[in-house]
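Numbering (the working numbering), first residue to last: 72 to 463.
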Ligand code: PHB
């Protein structure tokens, strides 16, 4: 570890040690949440959705829980992990937050993990999806998803539905590698063949040169993982290169068919089949209410990132209720373990062993209803745990 990193950790540890006596009476009445999100840069749509959802939840449920006032301090890390680390450090040491939350991409969630451990501050991961994240600190709890949860299921679905040859296009960083690994494992075990494999950079990807290779490989379908926010651009280039006309269907985890972008993708998206944890079209009372409230407040359809944020803030509220307002990290994490509730996405819980989310995965197809595009769910896999845990 670098000297600088050690110094940072030292400062956090010192702050945590004196924390008990340094908190004023005023601080004891307030629970502070440091919300670190990409509000600018390539991942800004993730940050905006989560910020929107947290604000909506607090408007609906008030800003007081178990006698404590909840205060959210929003910081923009622009999805740059060095920023995430510095901001987490400042929030913990200077603002004395009780919880850090958000984390738009995996490297950001990783960057904050040692600080969460040192300071014993819960890190609520609302967006990032690489399996190993929750193993980076005993203070991490996740309300988003893992790529393994959906990529295993779409791999099996592809085999069962007569897809024999697949070309893959995945974003070249940890969650993309998880998506690829789990898909490949399930698809090839069932007899499927990978005919082309390309990885695209996370930042500002130009898909065009890769799409030509995809077209030339003549697969039955292409498996795509790009992070939330990039699906619109991907589908535009997919259509421009005529891949829709050549009958190469898009399959994958649902990130590429993100609900907040779907309607602008046009008919090229029709028929895309993805496995995912949330569809804005999910038919439940909870989702109808959530969708209506979010659309009313922001004049936009929420995507799965919004739901990760909505559930993340709910988890914090529910944990505070359970501890009677006790806001030290150990009490909060203990309260969060095993928590179950009905989310707009369906029933979910926090696995008490892994602190990761357990949730339904739905297979969905893009269809047009009343002139609008929706991910219409047609098959449900219940209570799916992350398949990627290395520890028991
Ligand atoms: C991640 O960086 O873990 C991540 C980001 C966006 C997604 C999925 C995973 O849509």
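Glycine included, each C-beta is placed from N, C-alpha and C at the ideal position.
Enclosing alpha helix (DSSP H) for residue i [first to last residue]
{"i": "residue 347", "result": "Here residue 347 belongs to no alpha helix (DSSP H); instead the beta strand (DSSP E) covers 344-347."}
{"i": "residue 162", "result": "152-164"}
{"i": "residue 101", "result": "Unbroken run through residue 101 is the beta strand (DSSP E), 101-108; no alpha helix (DSSP H)."}
{"i": "residue 397", "result": "Segment: none, residue 397 is in no alpha helix (DSSP H) and carries neither H nor E."}
{"i": "residue 173", "result": "First-last for residue 173: 170-173, but that is the beta strand (DSSP E), not the alpha helix (DSSP H)."}
{"i": "residue 284", "result": "279-287"}
{"i": "residue 332", "result": "330-333"}
{"i": "residue 125", "result": "115-132"}
{"i": "residue 313", "result": "From DSSP, residue 313 is part of no alpha helix (DSSP H); its letter is neither H nor E."}
Host beta strand (DSSP E) of residue i (start-end)
{"i": "residue 222", "result": "Unbroken run through residue 222 is the alpha helix (DSSP H), 218-231; no beta strand (DSSP E)."}
{"i": "residue 145", "result": "139-147"}
{"i": "residue 213", "result": "211-213"}
{"i": "residue 256", "result": "Unbroken run through residue 256 is the alpha helix (DSSP H), 245-260; no beta strand (DSSP E)."}
{"i": "residue 202", "result": "Counting along the chain, residue 202 falls outside any beta strand (DSSP E), and DSSP gives it neither H nor E."}
{"i": "residue 366", "result": "Looking at the DSSP string, residue 366 is not in any beta strand (DSSP E); the run it does join, the alpha helix (DSSP H), is 356-369."}
{"i": "residue 414", "result": "411-414"}
{"i": "residue 194", "result": "194-196"}
CB of residue i within 8 angstroms of CB of residue j, strictly
{"i": "residue 271", "j": "residue 317", "result": "no"}
{"i": "residue 177", "j": "residue 209", "result": "no"}
{"i": "residue 449", "j": "residue 435", "result": "yes"}
{"i": "residue 163", "j": "residue 196", "result": "no"}
{"i": "residue 296", "j": "residue 250", "result": "yes"}
{"i": "residue 213", "j": "residue 203", "result": "no"}
{"i": "residue 331", "j": "residue 374", "result": "yes"}
{"i": "residue 389", "j": "residue 121", "result": "no"}
{"i": "residue 327", "j": "residue 305", "result": "yes"}
{"i": "residue 110", "j": "residue 134", "result": "no"}
{"i": "residue 215", "j": "residue 379", "result": "yes"}
{"i": "residue 431", "j": "residue 437", "result": "no"}
{"i": "residue 382", "j": "residue 414", "result": "yes"}
{"i": "residue 266", "j": "residue 284", "result": "no"}
{"i": "residue 322", "j": "residue 278", "result": "no"}
{"i": "residue 182", "j": "residue 194", "result": "no"}
{"i": "residue 159", "j": "residue 237", "result": "no"}
{"i": "residue 141", "j": "residue 102", "result": "yes"}
{"i": "residue 240", "j": "residue 333", "result": "no"}
{"i": "residue 257", "j": "residue 219", "result": "no"}
{"i": "residue 200", "j": "residue 234", "result": "no"}
Beta bridge counterpart(s) of residue i as assigned by DSSP
{"i": "residue 293", "result": "238 and 321"}
{"i": "residue 430", "result": "419 and 455"}
{"i": "residue 270", "result": "241"}
{"i": "residue 265", "result": "237"}
{"i": "residue 435", "result": "345 and 448"}
{"i": "residue 443", "result": "440"}
{"i": "residue 188", "result": "Note: residue 188 sits in no beta bridge, so no partner."}
{"i": "residue 135", "result": "140"}
Cβ-Cβ separation, residue j to residue i (assumed contact under 8 angstroms), whole Å
{"i": "residue 172", "j": "residue 106", "result": "5 angstroms"}
{"i": "residue 276", "j": "residue 301", "result": "7 angstroms"}
{"i": "residue 315", "j": "residue 339", "result": "4 angstroms"}
{"i": "residue 456", "j": "residue 422", "result": "6 angstroms"}
Residue i: CB within 7 angstroms of a non-hydrogen atom of the ligand NAD
{"i": "residue 177", "result": "Ligands in the displayed structure: the ligand PHB; the ligand NAD is not one of them."}
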